[in-house]
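Visitor: Residue numbers (our numbering): -3 to 378.
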Ligand code: ADP
Ligand code: GN1
Ligand code: MG
């Protein structure tokens, strides 16, 4: 999908009036590099002082039940706030997203075109990184996701809504890929025959986490499910993982999905859409830092089987997202935002190259898990 048009300033002014914020919208610019929603940094003049908010147009083709989605987000962020207050953590409004309600009290606004909007306080003095540059960044970001998962273990109020059912059902993602290849609706399959062949050659990988779940060896938890490293904000001054964002997919899932997606998004020495595959490589030192950070945050809650499948998780989720990019390419780019023709194919090839690199280093990475667990005094047993 290519970017839909940005609203005019007048439309942002009207939206600003619909949200319960004080002051007038004076500027709005597109912000960030997410693949799903349309995000804007909106400046509001509060008695002459510029204050920024995030306005997000929610992708309603993907999120078909916005009230349910926002109900999840309000529950999760309220729980975070309660916990931050209980531990007297300073700077709490930068450590959890704050939903700005509409004037009618609902956590979203529907504009006259039927689009769904939400607003958050803008987290200032922090940044998201599309490509992780250092082990410190990887460790602190993974720690933030680990802490987030641990904190959600006692979320009150029952099961969260499944905002995207079967989100990390890798066997189903594989079946969707096969169906797209057979249908070949955009006429692109023959030009990427080698990529289809690679995807098919790795089909058994799709079952690896699903089998653990089916066998009852790993529990369902409340997980983030989109732990791409640009979904955590790092403090500009200290580098600390200050706030986990992009809560659209927080729902029941496996801990291993979250660790796997960190491995996929952070170990890559190249950007997710780098077309020069010689630059795509899974960095062991980043993997080590991720394992340290995540186990320090969520580790005490994980069971032995989860700890023993951290390397597998990276392979499975890298494969899964590669399949999703390839499927979207075959279907004519209907899901992920693209900036150029062939963008999703470049992304798929990149993920498959990363998978090859993860495969080639799997015993090194298993050794890293062993030593991180030994350092943290946590057992690893298969
Ligand atoms: P998408 O689902 O499209 O990925 P995100 O919720 O991740 O949307 O937002 C896209 C980007 O906008 C993020 O990567 C981050 O850089 C920025 N962003 C999102 N929420 C905030 C916030 N509350 N404060 C500051 N920046 C934000
Ligand atoms: C999307 O929303 P964003 O850009 O953080 C996608 C993830 C993919 C990721 C690949 C809801 O994440 O599942 O892993 O792109 N989110 C959704 O970069 O599909
Ligand atoms: Mg995002």
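No residue lacks a Cβ here, since even glycine has one placed at the ideal position from N, Cα and C.
Could you give the DSSP three-state label for residue 70: helix, strand or coil?
Guide: If you number the chain shown from 1, residue 70 lands on position 74. Residue 70 falls in the helix class under three-state DSSP.
Visitor: Is it buried or exposed, residue 361, if we count other Cβ atoms within 10 angstroms and call 16 or more buried?
Guide: Here residue 361 refers to the residue found at position 365 of the chain shown. It counts as buried.
Visitor: If I measure Cβ to Cβ from residue 316 and keep anything under 6 angstroms in the same chain, skipping five residues before and after, which residues do I get?
Guide: Here the question's residue 316 lines up with position 320 in the chain shown. So the qualifying residues of the chain are 166 and 169.
Visitor: What are the boundary residues of the alpha helix (DSSP H) that residue 167 is part of?
Guide: Counted from its first residue, the chain shown places residue 167 at position 171. Per DSSP, residue 167 belongs to the alpha helix (DSSP H) from 166 to 179.
Visitor: At a cut-off of 7 angstroms, is residue 224 close to the ligand MG when judged by its beta-carbon and the heavy atoms of the ligand?
Guide: For this step, residue 224 is matched to residue 228 along the chain shown. The answer is yes for residue 224.
Visitor: Expressed to the nearest angstrom, what Euclidean distance is found between the alpha-carbon atoms of residue 6 and residue 336?
Guide: By one-based count along the chain shown, residue 6 stands at place 10. By one-based count along the chain shown, residue 336 stands at place 340. The straight-line gap from Cα to Cα measures roughly 30 angstroms.
Visitor: Is the separation between the beta-carbon of residue 225 and that of residue 261 shorter than 8 angstroms?
Guide: Position 229 of the chain shown holds residue 225. Position 265 of the chain shown holds residue 261. Their beta carbons are under 8 angstroms apart, which means residue 225 touches residue 261 by this criterion.
Visitor: Would you say the stretch 210 to 219 touches the stretch 105 to 121, given that touching needs at least three Cβ pairs under 8 angstroms?
Guide: They do not touch, by the three-pair rule.
Visitor: Do the stretch 348 to 368 and the stretch 297 to 308 touch if we need at least three Cβ pairs shorter than 8 angstroms?
Guide: Judged by Cβ distances under 8 angstroms, the stretch 348 to 368 makes contact with the stretch 297 to 308, as three or more pairs qualify.
Visitor: Note down, in chain order, each residue of its chain lying with its Cβ closer than 7 angstroms to the Cβ of residue 343, except the 5 sequence neighbours on either side.
Guide: Taking the chain shown and counting its residues from 1, the one referred to as residue 343 is at position 347. Answer for residue 343: 268, 269 and 321, listed in chain order.
Visitor: If you measure between the beta carbons of residue 51 and residue 8, is that distance less than 8 angstroms?
Guide: The residue you call residue 51 lines up with position 55 of the chain shown. The residue you call residue 8 lines up with position 12 of the chain shown. Yes; because the gap between Cβ atoms is below 8 angstroms, this pair is in contact.
Visitor: When the Cβ atoms of the stretch 12 to 27 are set against those of the stretch 86 to 106, are three or more pairs found closer than 8 angstroms?
Guide: Segments in contact, yes.
Visitor: Report whether the distance from the Cβ of residue 50 to the nearest heavy atom of the ligand ADP is below 7 angstroms.
Guide: Translated into positions along the chain shown, residue 50 becomes position 54. It does: the Cβ of residue 50 is within 7 angstroms (strictly closer) of some heavy atom of the ligand ADP.
Visitor: Are the CB atoms of residue 273 and residue 340 within a distance shorter than 8 angstroms?
Guide: Along the chain shown, read from residue 1 onward, the residue named residue 340 stands at position 344. Along the chain shown, read from residue 1 onward, the residue named residue 273 stands at position 277. Going by C-beta atoms, residue 340 is not nearer than 8 angstroms to residue 273.
Visitor: Given a cut-off of 8 angstroms, decide if residue 230 and residue 123 are closer than it, judged by their beta-carbon atoms.
Guide: One-based indexing of the chain shown puts residue 123 at position 127. One-based indexing of the chain shown puts residue 230 at position 234. Yes, the pair counts as a contact, with Cβ atoms nearer than the cut-off.
Visitor: How about residue 90 and residue 239: are their beta carbons less than 8 angstroms apart?
Guide: Taking the chain shown and counting its residues from 1, the one referred to as residue 90 is at position 94. Taking the chain shown and counting its residues from 1, the one referred to as residue 239 is at position 243. The answer is yes: Cβ separation under 8 angstroms.
Visitor: Output the residues surrounding the ligand MG, defined as those with a CB atom closer than 5 angstroms to any ligand heavy atom, in chain order.
Guide: Answer in sequence order: 30, 227 and 242.
Visitor: Among the candidates 313, 370, 248 and 278, whose CA atom is the shortest distance from the CA of residue 354?
Guide: Here residue 354 is taken as the residue at index 358 of the chain shown, counted from 1. Ranking 313, 370, 248 and 278 by Cα distance to residue 354 puts 278 first.
Visitor: Which residues in the same chain as residue 158 place their Cβ atom closer than 6 angstroms to its Cβ, once the five residues preceding and following it in sequence are excluded?
Guide: Sequence index remark: in the chain shown, residue 158 carries index 162 (1-based). The residues are 247.
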